[in-house]
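For reference, the structure is listed below as structure tokens.
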Amino acid sequence: MRGSGHMPISDAANINNTGVLISSTNLNTLELSQDGETMSIGPGPRWGDVFNYLEFTNKTVIGGRLAPVGVPGLLLGGGISWYSAKHGLASSEGKIKAYEAVLADGTIATITANSTYSDLYWALGGGANSFALITRFDLQTFPSITPLIADAHYGSSNVTRDAYLAAILKMALTNEEDLASTIIPVCRWGPSSTAPSYESTLFHNGTSVPTSGPLADFIHGNTTGLTALNDTATMRPISLAQYGRAMRSAFREGGQSHGLRQKFRVVSMKATAENLAIAHDTFFDSLAASGLANRVPEFFAGLDFNIVNREMVKRSAGLPQNMPLEPAFWVGEAISWGSGGEFDNEVAEWVKNVNVEIERKLQEVNGLNRYVYLNDADKGQKVFEGYGGESVERLKTVRAKYDPERVFTDLMPGGWKIEHVEL
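Residue numbering for the sequence shown is 423 to 845, as defined by the working numbering.
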């Protein structure tokens, strides 16, 4: 069953000639309730479609940051949003009011926290696709304003590297000072790179640009000396719909990202300066030594330091994920390249080897965070194992209750399956 097909893992969003692909494309409900309190969304739309629909309603939902990402995968994996620093994961604290679902026996059920399906409601908040087919999500809406956004670029010098990593760490450790602000900090390496370039999408859910606090370092370099190029850190009112439309053009035919092969992976680590340096330096030193960017057509690699602050974890308590209560980074690795597949094995081997080295170094300094974010994980990563034994056993119990014949485990094999976990 395919949502938007965002996950670039074989059989996660497709099936080979042994099965039938069911696409949710036409299950494209987008409907705001009459009182404006509930947004109903089918599994077919992407988050760009959702925010386009909501653009002039003065309402928003806790949904995906990137327009091409599909609705169901993000929500069933928990989901990071622009508002997660303050509100937690997208599936937490009743943000999903109800799921309409088809169960393994064919029953069409409405799943809520207070219904006879309350155990299934809990499982769907991070248990992925082992339980039911979701045909509609009913999300709690929130009053919205037009946020301030900037795509800031900082250059690629060693001085920039030091200031950039320091600013990221400060954001992770002091984000509670300004829960209306967040960032997507990305270090990139392209075909002609000799060093990573540093950039960040800056987001503030307010009308005045912060002059102090963790976001101000990415705008003014208040305490770290981080300096943006030209006026790229100038924050302007931009709706999430506008931001999404600009982003999606890159993925349409003729866009710079259209048709490229992709690979994701995530490293979850505690928020320390030492851990940041290990992940950053090991990744890019290995990439430079490999020469991949010079040999593989249209090769790009990026590290995205997703910031996990304490408030985000507190707000997500009660979900199956059972995240450790500590500031952390979920470091997303995104690799893309052209060609017809002749470089796939070489890229995959490099990704595997560099991550063995990163995780070895982090383990030596007790730097790993046990939770692995499902939505950015690579094939073979131990996702549910990081939820802890109690959550895993509870998820298995729910799976056995609603799908005793293992329909969504054996007949829909793509993705991570709770029944395959051995602790």
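For glycine and all other residues, C-beta sits at the position ideal for the given N, C-alpha and C.
1) How big is the Cα-Cα spacing for Asp707 and Ile567?
2) What do you reckon, are the CB atoms on Ser622 and Val608 nearer than 8 Å?
3) From Thr532 to Leu498, what does the alpha carbon distance come to, in whole angstroms?
4) Once the 5 residues before and after Gly789 are set aside, which same chain residues still bring their CB inside 6 Å of it?
5) If you check the beta carbons only, do Gly808 and Val820 fall under 8 Å apart?
6) Between which two residues does the alpha helix (DSSP H) holding Ala550 run?
7) List the endpoints of the continuous alpha helix (DSSP H) containing His409.
8) Mind the definition here: the region 734-746 touches the region 766-775 only if three or more C-beta pairs lie below 8 Å; say whether that holds.
9) What is the DSSP secondary structure of Pro746, counted as helix, strand or coil?
10) On the premise that Ala512 lies in contact with Gly501, defined as a C-beta separation below 8 Å, what is that separation, rounded to the nearest angstrom?
11) Less than 8 Å between the C-beta atoms of Ser446 and Lys839, yes or no?
12) At what residues does the beta strand (DSSP E) containing Val773 begin and finish?
13) Ignore the nearest five residues each way along the sequence and tell me which others in Tyr665's own chain have a CB closer than 7 Å to its CB.
14) Under three-state DSSP, which class holds Met657?
15) Name the two residues that bound the continuous alpha helix (DSSP H) containing Leu709.
16) Does DSSP put Asn797 in a helix, a strand or coil?
17) For a test of the three-state rule: what should DSSP assign to Asn474, helix, strand or coil?
18) What do you get for Asn580, buried or exposed, if any count of 16 or more other CB atoms within 10 angstroms of its CB means buried?
19) From what residue to what residue does the beta strand (DSSP E) around Ser690 run?
20) Check whether the region 462-479 and the region 645-665 touch, using three or more Cβ-Cβ pairs below 8 Å as the test.
21) For Val483, which of Gly464, Thr460, Asp433 has the nearest alpha-carbon?
22) Between which two residues does the beta strand (DSSP E) holding Ser665 run?
Well, looking at it:
1) As a position in the sequence shown, residue 707 is number 285, starting the count at 1. As a position in the sequence shown, residue 567 is number 145, starting the count at 1. Rounded to whole angstroms, Asp707 to Ile567 spans 42 Å at the Cα level.
2) Start at 1 with the first residue of the sequence shown, and residue 622 comes out as number 200. Start at 1 with the first residue of the sequence shown, and residue 608 comes out as number 186. Against a cut-off of 8 Å, the Cβ pair of Val608 and Ser622 comes out as a contact.
3) Taking the sequence shown and counting its residues from 1, one reaches residue 532 at position 110. Taking the sequence shown and counting its residues from 1, one reaches residue 498 at position 76. Going by the C-alpha atoms only, they are around 16 Å apart.
4) Sequence index remark: in the sequence shown, residue 789 carries index 367 (1-based). Within the same chain, Gly789 has close Cβ partners Met691, Lys692, Asn697.
5) The residue labelled residue 808 in the question sits at position 386 within the sequence shown. The residue labelled residue 820 in the question sits at position 398 within the sequence shown. For Gly808 and Val820, no; Cβs fall outside 8 Å.
6) Position 128 of the sequence shown, counting from 1, holds the residue named residue 550. Where Ala550 is concerned, there is no enclosing alpha helix (DSSP H), given that its DSSP letter is neither H nor E.
7) Beyond the ends of the chain as shown, which are 423 and 845, falls residue 409; an answer cannot be given.
8) no
9) Taking the first residue of the sequence shown as 1, we reach residue 746 at position 324. Coil.
10) In the sequence shown, counting from the first residue as 1, residue 501 sits at position 79. In the sequence shown, counting from the first residue as 1, residue 512 sits at position 90. With 8 Å as the limit, Gly501 and Ala512 qualify as a contact, their Cβ atoms being about 3 Å apart.
11) Counted from its first residue, the sequence shown places residue 446 at position 24. Counted from its first residue, the sequence shown places residue 839 at position 417. The answer is no: Cβ separation not under 8 Å.
12) Here residue 773 is taken as the residue at index 351 of the sequence shown, counted from 1. It is not in any beta strand (DSSP E) - Val773 instead sits in the alpha helix (DSSP H) that spans 766-786.
13) Position 243 of the sequence shown holds residue 665. Hits under 7 Å: Ile571.
14) Locating residue 657 in the sequence shown gives position 235, counting from the first residue. Reduced to three states, the DSSP call for Met657 is coil.
15) For the purposes of this step, residue 709 is taken as the residue at position 287 of the sequence shown. Unbroken alpha helix (DSSP H) run through Leu709: 695-712.
16) If you number the sequence shown from 1, residue 797 lands on position 375. It is helical.
17) Here residue 474 refers to the residue found at position 52 when the sequence shown is read from its first residue. If DSSP states are grouped into helix, strand and coil, Asn474 belongs with the helices.
18) Numbered from its first residue, the sequence shown carries residue 580 at position 158. Counting Cβ neighbours within 10 Å, Asn580 comes out exposed, since fewer than 16 surround it.
19) Start at 1 with the first residue of the sequence shown, and residue 690 comes out as number 268. Run containing Ser690: 683-692, per the beta strand (DSSP E) assignment.
20) yes
21) Your numbering for residue 483 matches position 61 in the sequence shown. Looking at the Cα atoms, Thr460 is the closest of the given residues.
22) Here residue 665 refers to the residue found at position 243 when the sequence shown is read from its first residue. At residue 665 the sequence reads Tyr, which differs from the Ser that was named. Segment 662-670 is the alpha helix (DSSP H) holding Tyr665; no beta strand (DSSP E) there.
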